[in-house]
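Trainee: Once you know that position 84 of the sequence shown is 104 in our numbering, the rest is easy, because the numbers rise by one and skip nothing.
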Amino acid sequence: MKESPIFVRTYDMLRWLIPLTVKFPRQQRFVLAEAVQRTVLRFHERLIEAARAADPLPLLYEADTDLTKLRFYLRLTTSTTMWGCGW
């Protein structure tokens, strides 16, 4: 069975995002970096759960909420220039 593109893209996002959050300043590593990591992992978990659920729609709504939160956290990190990648 071929893996869905959403799982591949989410895995790639995890591989890219987790190492970046480790480079956050120490003060923010325990606040914003932890929120980003927790949210992106929860998003991925909900996609996995939805793929195996009899009724995936509620889980997909929750995943969409997680993705909205992640967008907010990433926007906040870019506006506070915590990224070391020149954004």
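Don't be surprised by glycine CBs; every beta carbon is placed ideally from N, CA and C.
Tell me whether E65 sits in a helix, a strand or coil according to DSSP, three-state version.
Mentor: For the purposes of this step, residue 65 is identified with residue 45 of the sequence shown, where counting begins at 1. The answer is helix: DSSP assigns E65 an H, G or I state.
Trainee: Grab the span of the alpha helix (DSSP H) containing T100 for me, first residue to last.
Mentor: Position 80 of the sequence shown, counting from 1, holds the residue named residue 100. It is not in any alpha helix (DSSP H) - T100 carries neither H nor E in the DSSP assignment.
Trainee: Tell me which same chain residues have a C-beta within less than 8 Å of the C-beta of F44, skipping the five on either side of it?
Mentor: For the purposes of this step, residue 44 is taken as residue 24 along the sequence shown, with counting starting at 1. Once the five neighbours on either side are set aside, the close Cβ partners of F44 are L52, A53, T97 and M102.
Trainee: Quick one: Cα of A70 to Cα of R46, how far?
Mentor: Position 50 of the sequence shown, counting from 1, holds the residue named residue 70. Position 26 of the sequence shown, counting from 1, holds the residue named residue 46. One C-alpha to the other measures close to 35 Å.
Trainee: Quick one: what does DSSP say D86 is sitting in, helix, strand or coil?
Mentor: As a working note, residue 86 is residue 66 in the sequence shown. DSSP places D86 in helix when its eight states are reduced to three.
Trainee: Hey, quick one: how far does the alpha helix (DSSP H) through D32 stretch, first residue to last?
Mentor: Along the sequence shown, one-based indexing puts residue 32 at 12. Note, D32: alpha helix (DSSP H), P25 to V42.
Trainee: Just how far apart, CA to CA, sit L61 and L34?
Mentor: The count along the sequence shown starts at 1 and reaches residue 61 at position 41. The count along the sequence shown starts at 1 and reaches residue 34 at position 14. Distance between the alpha carbons of L61 and L34 is about 8 Å.
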